[in-house]
Amino acid sequence: MLDFENLDPQVSFFVDEFIDSFITWDLILFFHENPYTVGSPSSIAMSIGRLDADIEPYLDELAEKGILSHEHRLGDGAETIYAYKPQPEFEKMVSEFKRALKDRASRLIIVSKVLQKEARR
Amino acid sequence: MVDSAVAKANADRVPTGIDGLDEMLGGGLLYNSVAVIKGAPGTGKSCLGMEFISKGILDYNESGLIITFEEFPRQLYRDAISIGFDLRAYEHDQKLRTIFTTPAVFLREIQQPGGIFDRTIEEISAKRVFVDSMTQLERITQDPVQLRELMYTFLNGLLRYDITALVTQEDAFITGNMSVAEAGLSYIVDTIIQLRYVEISSSMDRAILVLKHRASNHDKSIRRMLITSSGIEVKAVFEGREGILSGNPYVTRRIKKAEEFLK
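Chains as they are written, first to last, in this note's numbering: chain A, 1 to 121; chain B, 1001 to 1263.
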C-alpha cells in the first residue's frame, strides 16, 4: 500500500500543480535537461518519442502556465515555435522532482498520482 | 607584406584557442567568416567545435552560441566535460546558449526579423557560433540545387551578425574516399578543416588538415590530432609515412631503407 504522506511535500505540490499527464512529465523533463530548445510540435515530439498531435495540447497548457513561450510563425507551413521560459523557483522544483524519481518509493507515488489524473482527464 | 598590413591581417583573425591548429591556420579563423570541419563520425568534429566555443569564453572573453541539430544538449554537456569544458557553467554565467532545434525551425528563425536567433545573439552578445551539423539540412530537401540555396541562405544569415562561425559536415566514408564539402559548401565557406581516421600499426589515429583557408598562406601538412581530457592537441606531422589521406598510410622508402639497414 502506498503512503502518499511519504512523498516530499514540495514534490507532491509540484506534481499536483504541474504534472497533469505522462506527456507533461516528459515535456518538463526534456526542457529542463535541454533548456534552450526551440522547436515546433513535430520536432519536440520527435525528440521525446511521441506523436505531435498528442503533445500539442500539452505544449499549449505549459505555455498558458508561463513555463513555455510560444510564438506563431505565419506563411508557408505556419506553425507555433515553443521555447522554455521557466522561473528559477520552477527549475528548483523540477530538480527536486528529478531527484525524487530516483527513489523507487517516491517514484511509485508520483506514477500513481499521475495515473489518477490521467483517469480523470 | 609591410608591417601594418601584417598587423591588420593578424587583427582580423579569430584564434580557435586550440594549440597547433591556430599555427596551421596562420593565427586563427578569418573574422566574420564561416569555417567547416569535415570528417567521419567520431573523428572529433563536435569536440573541436565545443573547444572553439569554450576557449572563446575562457581565453578571449567572447560569448558563444551552439546550435545543435543532432545531439541533445545534455549529451553535449556530458561530452564537453570529458574534454575539460563545463558548458552548463558557461550557460549559467550567461556566456553560452546551447540551442537544440531542427534545421527547418532554425532556418525560419534566422530569416525572421527579431526572431529567436536574433534575440539570443543580442542577449549574450555572442561572438562565436558553432553549428552541428550542416548535414542535417538534407532533412529539408534532397534536391542539390535547393540544398545549395538553403546552405547559402543559412550561412549568409549567420554572417549578418558580428560573429565567426564553425560548422560541421559529415563525411560518408570512415577512411579512403574523400570528397570536397557537399552541396557546394566548399565554395561558400572560407575555411575547410578536414579530419580523418588513419590506420597505423593496427590502430586508429586521427589526422587533421587545413584544406582551404581563403586569402591565407596556411600550413598544408597533415598532422596527428589527439582528443584528451583537457581538450584537443594538434601534434606534429606523420613523419616517415605517406598516403595518410587514403586512411592506410605506408612507410616511406627512406624509412624502410633505414629499418632494413638496422636489421
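We treat Cβ as the ideally placed atom computed from N, Cα and C, and that holds for glycine.
Please read all numbers here as calculations on a predicted model, not as lab measurements.
Contact list for Ile1116(B) against chain A, beta-carbon separation under 8 Å: In the second sequence, residue 1116(B) corresponds to position 116, counting from 1. Under the 8 Å cutoff, chain A gives Val38, Glu71, Ile81, Ala83.
Helix, strand or coil at Val1189(B) according to DSSP, with G and I counted as helix: Residue mapping note: residue 1189(B) aligns to position 189 of the second sequence, counting from 1. Under the three-state reduction of DSSP, Val1189(B) is assigned to coil, being neither helix nor strand.
Run of the beta strand (DSSP E) containing Gln1094(B), from where it starts to where it stops: Here residue 1094(B) refers to the residue found at position 94 of the second sequence. From DSSP, Gln1094(B) is part of no beta strand (DSSP E); its letter is neither H nor E.
- prompt: Got a sec: which bits of the segment 12 to 38 of chain A sit with their beta carbon under 7 Å from any beta carbon on chain B, in order along the chain?
  reply: Going along the segment 12 to 38 of chain A in chain order, one finds Glu33, Asn34, Tyr36, Thr37, Val38 with a Cβ nearer than 7 Å to chain B.
Cβ-Cβ separation, Ile1018(B) to Ala1232(B) (assumed contact under 8 Å), whole Å: As a first step, residue 1232(B) is located in the second sequence; it is residue number 232 there, counting from the start. As a first step, residue 1018(B) is located in the second sequence; it is residue number 18 there, counting from the start. Note on identity: in this sequence residue 1232(B) is Ile, with Ala being the wrong assignment. About 5 Å separates the two Cβ atoms, so the contact holds.
query: Checking contacts by CB at 8 Å: is Ser43(A) closer than that to chain B?
result: Position 43 of the first sequence, counted from the first residue, corresponds to residue 43(A). For Ser43(A), a Cβ of chain B is located within less than 8 Å of the residue's own Cβ.
- prompt: For chain A, is any of its Cβ atoms less than 8 Å away from the one on Arg1206(B)?
  reply: By 1-based counting over the second sequence, the position of residue 1206(B) is 206. Arg1206(B) has a beta carbon lying at 8 Å or more from every beta carbon in chain A.
field: Spatial distance of Leu62(A) from Val15(A) (CA atoms)
entry: Residue 62(A) sits at position 62 when you count from the first residue of the first sequence. Residue 15(A) sits at position 15 when you count from the first residue of the first sequence. Cα atoms of Leu62(A) and Val15(A): separation of roughly 14 Å, rounded to the nearest angstrom.
query: Within this structure, are the beta carbons of Met972(B) and Gln1169(B) separated by less than 8 Å?
result: As displayed, chain B neither begins before 1001 nor continues past 1263, which places residue 972(B) out of reach and without an answer.
- prompt: In angstroms, rounded to a whole number, what distance separates the CA positions of Arg73(A) and Ile81(A)?
  reply: Reading the first sequence from its first residue, position 73 is the one you call residue 73(A). Reading the first sequence from its first residue, position 81 is the one you call residue 81(A). If you draw a straight line from the Cα of Arg73(A) to the Cα of Ile81(A), it is about 7 Å long.
task: Run the CB neighbour count on Asp1093(B), radius 10 Å, all protein chains shown included, and call it buried at 16 or more, exposed below.
output: Residue 1093(B) sits at position 93 when you count from the first residue of the second sequence. Counting Cβ neighbours within 10 Å, Asp1093(B) comes out exposed, since fewer than 16 surround it.
- prompt: In angstroms, rounded to a whole number, what distance separates the CA positions of Asp1086(B) and Arg1097(B)?
  reply: Indexing the second sequence from 1 puts residue 1086(B) at position 86. Indexing the second sequence from 1 puts residue 1097(B) at position 97. Approximately 12 Å, taken between the alpha carbons.
task: Mind checking which residues open and close the beta strand (DSSP E) that includes Ser1203(B)?
output: The residue you call residue 1203(B) lines up with position 203 of the second sequence. Its beta strand (DSSP E) spans residues 1203 to 1213.
field: Unbroken alpha helix (DSSP H) run spanning Asp1079(B), endpoints
entry: Residue numbering aside, residue 1079(B) sits at position 79 when the second sequence is read from its first letter. For Asp1079(B), the enclosing alpha helix (DSSP H) starts and ends at 1073 to 1082.
field: Neighbour flag for Phe1154(B) against chain E, beta carbons, 8 Å
entry: The structure shown contains no chain E; its protein chains are A and B.
message: Just checking: is the beta-carbon of Phe1100(B) within a distance shorter than 8 Å of some beta-carbon in chain A?
response: Along the second sequence, one-based indexing puts residue 1100(B) at 100. By this cut-off, Phe1100(B) is an interface position.
task: Can you tell me which of Ser1202(B), Asp1143(B), Tyr1197(B), Tyr1031(B) puts its alpha carbon nearest to the alpha carbon of Leu1158(B)?
output: Here residue 1158(B) refers to the residue found at position 158 of the second sequence. Measuring from the Cα of Leu1158(B), the nearest candidate turns out to be Tyr1031(B).
- prompt: Can you find a C-beta in chain A that's less than 8 Å from the C-beta of Val1105(B)?
  reply: Working through the second sequence from its first residue, we reach residue 1105(B) at position 105. The Cβ of Val1105(B) sits closer than 8 Å to at least one Cβ of chain A.
For Leu115(A) and Glu33(A), the rounded distance between their alpha carbons: The residue given as residue 33(A) occupies position 33 in the first sequence. The residue given as residue 115(A) occupies position 115 in the first sequence. If you draw a straight line from the Cα of Glu33(A) to the Cα of Leu115(A), it is about 24 Å long.
query: What is the DSSP secondary structure of Ser69(A), counted as helix, strand or coil?
result: What you label residue 69(A) is simply residue 69 of the first sequence in a count that begins at 1. The DSSP-derived three-state label of Ser69(A) is strand.
Chain A residues whose Cβ lies nearer than 7 Å to that of Arg1074(B): Locating residue 1074(B) in the second sequence gives position 74, where the first residue counts as 1. Neighbours of Arg1074(B) on chain A, chain order: Glu33, Asn34.
task: Classify Phe1117(B) as buried or exposed, calling it buried when 16 or more other Cβ atoms lie within 10 Å of its own Cβ.
output: Here the question's residue 1117(B) lines up with position 117 in the second sequence. A residue is called buried when at least 16 other Cβ atoms come within 10 angstroms of its Cβ; Phe1117(B) meets this threshold and is buried.
task: Examine chain A for any beta-carbon lying closer than 8 Å to the beta-carbon of Arg1128(B), and answer yes or no.
output: Translated into positions along the second sequence, residue 1128(B) becomes position 128. No, because no Cβ of chain A sits closer than 8 Å to the Cβ of Arg1128(B).
Same chain, Cβ closer than 6 Å to Glu1023(B), neighbours up to 5 away in sequence not counted: The residue given as residue 1023(B) occupies position 23 in the second sequence. Only residues of its own chain outside the window of five on either side were considered, and among them none has a CB closer than 6 Å to the CB of Glu1023(B).
- request: Return the residue from the list Met1151(B), Phe1130(B), Ile1208(B), Val1036(B) that minimises the CA-CA distance to Arg1139(B).
  value: Indexing the second sequence from 1 puts residue 1139(B) at position 139. Looking at the Cα atoms, Met1151(B) is the closest of the given residues.
- prompt: Apart from the five residues on each side of it in sequence, which residues of its chain come closer than 7 Å, Cβ to Cβ, to Pro1073(B)?
  reply: Position 73 of the second sequence, counted from the first residue, corresponds to residue 1073(B). Apart from the 5 residues on each side of it in sequence, Pro1073(B) sits with its Cβ closer than 7 Å to the Cβ of Thr1098, Phe1100 in its chain, given in chain order.
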